[in-house]
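To convert a position in the sequence shown, counted from 1, into the numbering used here, add 1.
Cβ atoms here follow ideal geometry from the backbone N, Cα and C, with glycine treated the same way.
Note that the structure is predicted; figures quoted are calculated from it, not measured.
To keep things clear, I will list the structure first and then write my remarks on it.
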Amino acid sequence: MTDFLTVRGLHAGYEGSTVLHGVDLDVAEGGVVALLGRNGVGKSTLINTLMGLVPSDSGSVLIDGHEVAGRRPDVVAARGVALVPQGRRIFAPLTVDEHLAISGRRSKNGAWSRARVLDLLPRLGERLRHRGDQLSGGEQQMLAIARALLSNPRLMLLDEPSDGLAPGIVAQVGDVVRDMCTGGMTVLLVEQDLRLAFSVADRIAVMEKGRIVLNTTTADFRSDAERARSLLGVG
Numbered sequence: 002m003t004d005f006l007t008v009r010g011l012h013a014g015y016e017g018s019t020v021l022h023g024v025d026l027d028v029a030e031g032g033v034v035a036l037l038g039r040n041g042v043g044k045s046t047l048i049n050t051l052m053g054l055v056p057s058d059s060g061s062v063l064i065d066g067h068e069v070a071g072r073r074p075d076v077v078a079a080r081g082v083a084l085v086p087q088g089r090r091i092f093a094p095l096t097v098d099e100h101l102a103i104s105g106r107r108s109k110n111g112a113w114s115r116a117r118v119l120d121l122l123p124r125l126g127e128r129l130r131h132r133g134d135q136l137s138g139g140e141q142q143m144l145a146i147a148r149a150l151l152s153n154p155r156l157m158l159l160d161e162p163s164d165g166l167a168p169g170i171v172a173q174v175g176d177v178v179r180d181m182c183t184g185g186m187t188v189l190l191v192e193q194d195l196r197l198a199f200s201v202a203d204r205i206a207v208m209e210k211g212r213i214v215l216n217t218t219t220a221d222f223r224s225d226a227e228r229a230r231s232l233l234g235v236g
């Protein structure tokens, strides 16, 4: 299987502080990799660096064979990458309908049409006239996903989509991710909810201190519970 995302020796961080210390990571085309690790090890920094929101200091990021390290977010997006950021980042004054209309302008052709997105996320169809700040946390998360899907990406970056959500809504997020993968989308998922990660990912990568220290199949990771607990800092 061909790798759609290939990261080699990636260093990045913020002014006066390096967070990523030579990250190597592969995500196969059509595959789902769940990126796990304790808080503060660099998972969100990696996602934001891949999207071009955090500048890289050195290293390579190939999207379908094209180098995007250090490129602007719009250049990365043009290569077929979309981000669902941690915290959703919905525009409070805009209605659901306005969010979808703006997002739909980026890609008029593709499998993910407005109709298909609303079919997958019917609650949004019921809330079209509601502003972003009138939505529940779960509805905001679904809107953030819908907004990304309407750009018809080939690679979806999801940064902790379960954060702050009730278990039933987390299960719905899992259903949506599985629906993406059925269509062949490639997914890199940063997640703390192990049930969600295990339910959708075919591979698990674990980050420690700004490096990937383990990359294996989900089945192999789950079979070694002691190692998993040690790497993730759970009891």
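*So what's residue 84 in DSSP terms, helix, strand or just coil?*
strand
_Only counting the same chain, and skipping five residues up and downstream in sequence, which positions put a Cβ closer than 7 Å to that of residue 54?_
74
*Is it right to say residue 223 is buried, meaning 16 or more other beta carbons lie within 10 angstroms of its own, or is it exposed?*
exposed
*Since residue 209 is in the beta strand (DSSP E), which residue starts that stretch and which ends it?*
204 to 209
*Between the C-alpha atoms of residue 28 and residue 188, what's the straight-line distance to the nearest angstrom?*
8 Å
*Straight-line gap, residue 227 to residue 233 (C-alpha atoms, nearest Å)*: 10 Å
*asked:* Any beta carbon from chain C within less than 8 Å of residue 64's own beta carbon?
replied: Reference to chain C is not applicable here, since this structure consists of a single protein chain.
*CB-CB under 7 Å to residue 199, same chain, minus the five flanking residues each way: which ones, in chain order?*
219 and 223
_Distance CB(residue 144)-CB(residue 82) smaller than 8 Å_ = no
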